[in-house]
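Visitor:
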Amino acid sequence: QKTVAPDMLIKHPLQNTWTLWFFKIESNRSWEDCQVEIASFNTVEDFWALYNHIEPASRLKVGCDYSMFKQGIKPMWEDEHNCRGGRWLINLNKQQRSTELDNFWMEVLLLMIGESFEEHSDEVCGAVVNVRGKGDKIGVWTADAKKNDSILKIGEKCKSQLKVYNHVALHYQAHSAAQQKTGSAIRCLFTI
Amino acid sequence: GTRIIYERTFLLQMRNSP
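Heads up: the protein sequence lines correspond to chains A and B, in order. Going by our numbering, the first sequence wraps up at 173, each residue one higher than the last. Going by our numbering, the second sequence wraps up at 55, each residue one higher than the last.
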């Protein structure tokens, strides 16, 4: 007979277990080693306990990231779950760090843990927020850059959720294209 | 099986529940 942990009887279980990662560059470590797992959770209550406990993204030092991925997927292109995929990218200007970054990031997290993409949720690997001097970025990573239907549904859902705040443009890039090029020359597969 | 879906409003309500 299968036993259920007492916590799970009173907490609200999530469809997936998610892991929160923190990235901070340190000169004596490899880039991969600078990605640190903070915690994993699989209930609504544990998500909020973690989220309420950590610094908001807007208070991170420039150069740092938060990532939240399904358990077992590392927040990097090279991971086997990500390597054929891509990301919806939301670019924020400098002023938006104080006004919108935290809201956007929270909305993206809620979409993911709530499985708001419905049958397309299986295509979602995770999301990353990059805090950068030239402008912050939020990326929603999907598993396969060829699955146009899922990519568009996921992008449209993100866009409609973020409309609560302001007009935003979302661009989808394949990781393979981003890896080969630098800066603004990356070709976008979709813009919505 | 059935996917466990939560609405945004519900998730936000849960934020400060004890």
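Heads up, the beta-carbon is just placed ideally off N, CA and C, and yes, glycines get one too.
Just the C-alpha distance for Val17 (chain A) and Trp2 (chain A), rounded to the nearest angstrom, thanks.
Guide: Those two C-alpha atoms are separated by around 5 Å.
Visitor: With 9 Å as the limit, tell me which residues of the segment 7 to 41 of chain A have their beta carbon closer than that to any beta carbon of chain B; keep them in chain order.
Guide: Answer set for the segment 7 to 41 of chain A: Val25, Glu26, Phe28, Trp29, Tyr32, Asn33.
Visitor: Roughly how many angstroms separate the alpha carbons of Phe47 (chain B) and Ser8 (chain A), rounded to a whole number?
Guide: Roughly 43 Å separates the two Cα atoms.
Visitor: Under 8 Å Cβ to Cβ from Glu137 (chain A), same chain only, skipping five residues before and after it: list those, please.
Guide: Once the five neighbours on either side are set aside, the close Cβ partners of Glu137 (chain A) are Ile173.
Visitor: Rank A:Asp103, A:Asn74, A:Arg65, A:Leu(-5) by C-alpha distance to the C-alpha of Asp27 (chain A) and give the top, closest one.
Guide: Comparing Cα positions, the closest option is A:Leu(-5).
Visitor: Arg78 (chain A): beta carbon under 7 Å from a heavy atom of the ligand COA?
Guide: For the ligand COA, the structure offers nothing, since it holds no ligand at all.
Visitor: Go through its chain and collect everything with a Cβ distance to Gly120 (chain A)'s Cβ below 6 Å, but skip five positions before and after it.
Guide: Cβ within range, chain order: Arg68, Leu70, Val109.
Visitor: What does Asp46 (chain A) pair with, by DSSP beta-bridge criteria?
Guide: BP columns for Asp46 (chain A) point to A:Phe4, A:Asn111.
Visitor: Under 7 Å Cβ to Cβ from Ser79 (chain A), same chain only, skipping five residues before and after it: list those, please.
Guide: Ser39.
Visitor: By how many angstroms is the C-alpha of Thr(-16) (chain A) removed from the C-alpha of Val112 (chain A)?
Guide: About 43 Å.
Visitor: How big is the Cα-Cα spacing for Ile(-9) (chain A) and Asp125 (chain A)?
Guide: So the two alpha carbons sit approximately 36 Å from each other.
Visitor: Which residue or residues does DSSP assign as beta-bridge partners of His152 (chain A)?
Guide: Answer is A:Leu70, A:Thr172, bridged to His152 (chain A).
Visitor: Have a look at the DSSP bridge pairing and note the partners of Pro(-6) (chain A).
Guide: DSSP, once it has assigned bridges, lists A:Thr24 as partnering Pro(-6) (chain A).
Visitor: Apart from the five residues just before and just after His101 (chain A), which ones in its own chain have a Cβ nearer than 6 Å to its Cβ?
Guide: So the list reads Ser131, Lys134, Ile135, once near-sequence residues are dropped.
Visitor: Any idea if Ser11 (chain A) is buried or exposed, counting beta-carbon neighbours within 10 angstroms, 16 or more meaning buried?
Guide: Under this definition Ser11 (chain A) is an exposed residue.
Visitor: Distance check for Ile42 (chain B) and Ile210 (chain A), CA to CA, integer angstroms please.
Guide: Since the first residue shown for chain A is -18 and the last is 173, residue 210 (chain A) is missing from the structure and cannot be characterised.
Visitor: Taking Cβ-Cβ distances shorter than 8 Å, what residues in chain B pair up with Ser102 (chain A)?
Guide: What Ser102 (chain A) touches in chain B: Arg40.
Visitor: For Leu91 (chain A), would you say it is in contact with chain B, using Cβ-to-Cβ distances shorter than 8 Å as the test?
Guide: Yes, its Cβ sits closer than 8 Å to a Cβ of chain B.
Visitor: Does chain B have any CB closer than 8 Å to the CB of Gly114 (chain A)?
Guide: Taking Cβ atoms only, chain B never reaches closer than 8 Å to Gly114 (chain A), which makes this a no.
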